[in-house]
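In our numbering, the protein residues as written are -9 to 161. To start, the structure under review is shown below, and the notes come after it.
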């Protein structure tokens, strides 16, 4: 069975460390070779809430795109994403890239537009996959980040998962 490389964006603004670690633990049950970018704190975009922690995960999967997306929705639900009384966003997991797919797949548009719009997606993606080429734009993520003119402030934050420090001290 062949594996497809995927990039996922994770974010949380409620009990951030708890929900992000729970999300990673759940992803580790069905993804292989998980690598994480540095974790950044950012102000919310498009909603009124407290600051977010965001980062990008690279991994491999044998799941078809829509099954992967379905499982991500279950992980979000398990962390209270769709609870009627929630007061923020406990866990958000988005498929940013699935192999080199480009297009609309049952409402899931790839590559995800937020890659080019949000610093909290593009900067971590440029760190974890600097030479990878954006399949829709044809430029590397490092080049896209270097040329980005996105007016959002990010702050690297210390974050540990499974005994591994995700954010290097030299950022």
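Beta carbons: idealized from backbone N, C-alpha and C, even for Gly. Treat the numbers as computed from the prediction; the structure is a model and nothing was measured.
Margin query: Contact between the stretch 83 to 94 and the stretch -7 to 3 is defined here as three or more beta-carbon pairs at a separation below 8 Å; is this criterion met?
Written below: yes
Check: Looking at the structure shown, is residue 54 part of a helix, part of a strand, or coil, going by DSSP?
Finding: coil
Next item on the list: Identify every residue that forms a DSSP beta bridge with residue 94.
Entry: 99
Note to self: Buried or exposed for residue 64, going by 16 or more other Cβ atoms inside 10 Å?
What the structure shows: exposed
Item checked: DSSP-derived helix/strand/coil call for residue 71 -> coil
Notebook entry, point to check: Below 7 Å between beta carbons: does that hold for residue 140 and residue 109?
Noted result: yes
Check: Which one or two residues does DSSP pair with residue 251 in a beta bridge?
Finding: In the structure as shown, the chain begins at -9 and stops at 161. Residue 251 is therefore absent and cannot be evaluated.
Checklist line | Exposed unless 16 or more other CB atoms sit within 10 angstroms - verdict on residue 6 | finding: buried
Item checked: Of the residues 136, 113, 22 and 82, the one placed nearest residue 144, counting alpha carbons only -> 113
Next item on the list: Along the alpha helix (DSSP H) that carries residue 15, what are the first and last residues, could you check?
Entry: 6 to 17
Note to self: Taking its Cβ as the centre, do 16 or more other Cβ atoms sit within 10 Å of residue 136, making it buried, or is it exposed?
What the structure shows: exposed
Next item on the list: Pull up the distance between the alpha-carbon of residue 15 and that of residue 134, whole angstroms please.
Entry: 30 Å
Notebook entry, point to check: Roughly how many angstroms lie between the CA atoms of residue 99 and residue 32, to the nearest whole one?
Noted result: 24 Å
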